[in-house]
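Reviewing the structure listed below.
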Amino acid sequence: MADDKKVDLTEETARRWLKERGVEVQDMADLVFFLQEKYHENLKMEDCLANVERVLSKREVQNAIITGIQLDMLAEKGMLEEPLQSIIGSDESLYGVDEILAFSIVNVYGSIGFTNYGYIDKLKPGILAHLNDKSTGECHTFLDDIVGAIAAAASSRLAHRAARAEKEKK
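So the sequence shown is residues 62 to 231, counted in my numbering.
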């Protein structure tokens, strides 16, 4: 991110909270690489990073990040009313609202993102394994889905751009 870019409070908070919750931009770029390496022979990590940065620059993505992380933090502190406290605190499998919030991110770059998201959500590679680990005492009910969705959206963005570049070569 360029130093001269004016970052507003929503983006600044979203990025800071991701970092405070243990998620680096590099972690998400690693997931993008994981999703796309089979499809792009000369895939570079810098391209994965650039696509994650673009996804993070979207207001609807920032809103999803701060909403989900806030709910996770409140659940971690036991500050939600029941039954929501127990549902979010335990990441109840039938809850589904965490995935719905993630879909708002995936939707930004088209339907291919749904496939990427479903795949990565099932496998939970990289940072997602840590975020999904219930033994840490941390609550990441929303964050693991948000991070997976950011990676899926960035993968979709990368795939769309690569397809367009390939088409322009012909």
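Ideal placement from N, C-alpha and C gives every residue a C-beta, glycine not left out.
- Three or more Cβ pairs closer than 8 Å define a contact, and the region 128-142 falls short of that threshold against the region 86-106.
- Fewer than three pairs of CB atoms, one per stretch, sit closer than 8 Å, so the region 96-106 makes no contact with the region 195-205.
- Here R120 is exposed: its Cβ has fewer than 16 other Cβ atoms, across all protein chains shown, within 10 Å.
- I166 is positioned such that its CB atom lies closer than 8 Å to that of A210.
- The continuous alpha helix (DSSP H) containing L162 extends over residues V158 to V167.
- Ranked by Cα distance from L110, the options H221, N177, A212 and A224 are led by A212.
- Closest option to K195, judged by alpha-carbon separation, among I161, I149, L219 and G179: I149.
- Annotated three-state conformation of M134 is helix, per DSSP.
- Residue burial annotation: D69 is exposed, with fewer than 16 other C-beta atoms found within 10 angstroms of its C-beta.
- Taking the C-beta atoms as reference points, V84 is found no nearer than 8 Å to V113.
- In this structure, the CA atom of L117 is about 15 Å from the CA atom of F164.
- The beta carbons of E160 and C200 sit no closer together than 8 Å.
- Each of L96, F95 and N124 was checked against the Cα of R76, and the nearest Cα belongs to N124.
- Residue ranges of uninterrupted alpha helix (DSSP H) with 4 or more members, entirely inside the region 102-151 and ordered along the chain, are 106-117, 120-137 and 145-151.
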